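Asker: Okay, here's the structure, questions in a sec.
2 protein chains.
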Amino acid sequence: MAEDLFKALADPTRRVILDELADKSGQTLFEICSRLAMRHQIAISRQGVSQHLAVLEAAGLVETRREGRYKFHDLNTAPLRQIAERWPLPGPSGPEESTP
Amino acid sequence: MAEDLFKALADPTRRVILDELADKSGQTLFEICSRLAMRHQIAISRQGVSQHLAVLEAAGLVETRREGRYKFHDLNTAPLRQIAERWPLPGPSGPEESTP
DNA sequence: TTGATAGGCAAGTGAGCACTTGCCTATAGT
DNA sequence: ACTATAGGCAAGTGCTCACTTGCCTATCAA
Chain A
1 MAEDLFKALA DPTRRVILDE LADKSGQTLF EICSRLAMRH QIAISRQGVS QHLAVLEAAG
61 LVETRREGRY KFHDLNTAPL RQIAERWPLP GPSGPEESTP
Chain B
1 MAEDLFKALA DPTRRVILDE LADKSGQTLF EICSRLAMRH QIAISRQGVS QHLAVLEAAG
61 LVETRREGRY KFHDLNTAPL RQIAERWPLP GPSGPEESTP
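Chains as they are written, first to last, in full-length UniProt numbering: chain A, 1 to 100; chain B, 1 to 100.
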């Protein structure tokens, strides 16, 4: 649903999580936690990150797979396509230009 | 700023306003109000719509021009481009399987 | 001028959300 | 068995945000 997608994108911490998953796919919860702290100075509890990931998963932006006691998170940017479809972007150079 | 953009998109009423401006550009505040009520059953005060438009304008998604006592609102989808640039979509013939 | 229309400013309220804390379950290694 | 690691569930808190109400300004017509 569109509501889930835009709500997921509304939080800056969640957007950084998407950045991190775009940089390195298949991270665990603890891995994401430490990268938020190390590379972005975002001090947040493990539970906070877990809740963010749940929101992102509800939006379809993150997919998970379990292996043993590990749960890996992968980015899926496909839901972002409905944004471009809903409000089409103007052409790259000028309002009346056709793509070559 | 990215924060303004995603915050603007986070509210469902604001997204409907964007839809209406995409359908008919250059609407006034009262025109948007009545269209929200008529076509979407969104009962909201004039002031509520005005505040939404301010948020959309801060995000760069709506531009305004004054003429006499009228203020016309126009849609500008250009800020949406940074979304696609930040998290690139997988192409139809991308690194993995392609969807028919 | 008076009256009507289009819009703006500011304070107040209620609900949703991000975040934490505490406890619990499951898997892996010794 | 015990211990450490990886993750989940649930309640509580503070803050932001959407929305309303009331009053004020500006433009146009009689």
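Virtual Cβ for every residue (Gly too), placed ideally from N, Cα, C.
Keep in mind it's a predicted model, so treat the numbers as computed, not measured.
Measure the beta-carbon distance from C33 of chain A to V55 of chain A and round it to whole angstroms, keeping in mind my assumption that it falls under 8 Å.
Answerer: In fact, because the Cβ distance is near 16 Å, the residues do not count as touching under 8 Å.
Asker: The beta strand (DSSP E) with S61 of chain A in it runs from where to where?
Answerer: Strictly speaking, residue 61 of chain A in this sequence is Leu, with Ser absent from that position. No beta strand (DSSP E) holds L61 of chain A; DSSP gives it neither H nor E.
Asker: What does F30 of chain A touch in chain B if you count any residue whose Cβ is under 7 Å from its own?
Answerer: What F30 of chain A touches in chain B: nothing, since even the nearest Cβ is about 23 Å away.
Asker: Counting only runs of 4+ residues fully inside the UniProt domain "HTH arsR-type" (1-95) of chain A, write out the alpha helix (DSSP H) ranges in chain order.
Answerer: Taking only runs of at least 4 residues, the alpha helix (DSSP H) segments lying wholly in the UniProt domain "HTH arsR-type" (1-95) of chain A are 2-9, 12-23, 29-40, 46-58 and 81-86.
Asker: Measure the alpha-carbon distance for E67 of chain A versus L89 of chain B and round it to whole angstroms.
Answerer: In a straight line, the C-alpha of E67 of chain A is about 27 Å away from that of L89 of chain B.
Asker: Tell whether a beta-carbon distance below 9 Å holds between L21 of chain B and L9 of chain A.
Answerer: No. Outside cutoff.
Asker: For D4 of chain B and A59 of chain B, which I take to be in contact (beta-carbon distance under 8 Å), what is that distance rounded to the nearest angstrom?
Answerer: That belief holds up - the Cβ atoms of D4 of chain B and A59 of chain B are roughly 4 Å apart, short of 8 Å.
Asker: For E20 of chain A, would you say it is in contact with chain B, using Cβ-to-Cβ distances shorter than 9 Å as the test?
Answerer: No, E20 of chain A lies away from the interface with chain B (no Cβ there is under 9 Å from its Cβ).
Asker: Restricting to Cα atoms, I'd like to know which of A:T77, A:S25, A:R14 and A:E57 is closest to L36 of chain A.
Answerer: Per the Cα distances, A:R14.
Asker: Applying the criterion that 16 or more other CB atoms from any shown protein chain within 10 Å of the CB defines a buried residue, is Q82 of chain A buried or exposed?
Answerer: Q82 of chain A is exposed by the Cβ-count criterion.
Asker: Can you give me, in chain order, the residues of the region 24-55 of chain A that have a beta carbon less than 9 Å from any beta carbon in chain B?
Answerer: Against chain B - using a Cβ distance shorter than 9 Å - the region 24-55 of chain A contributes no residues.
Asker: Beta-carbon of R81 of chain B versus every beta-carbon of chain A: anything under 9 Å?
Answerer: Output row for R81 of chain B: interface = yes.
Asker: Given a cut-off of 9 Å, decide if W87 of chain B and L75 of chain A are closer than it, judged by their beta-carbon atoms.
Answerer: Result yes, Cβ atoms of L75 of chain A and W87 of chain B sit closer than 9 Å.
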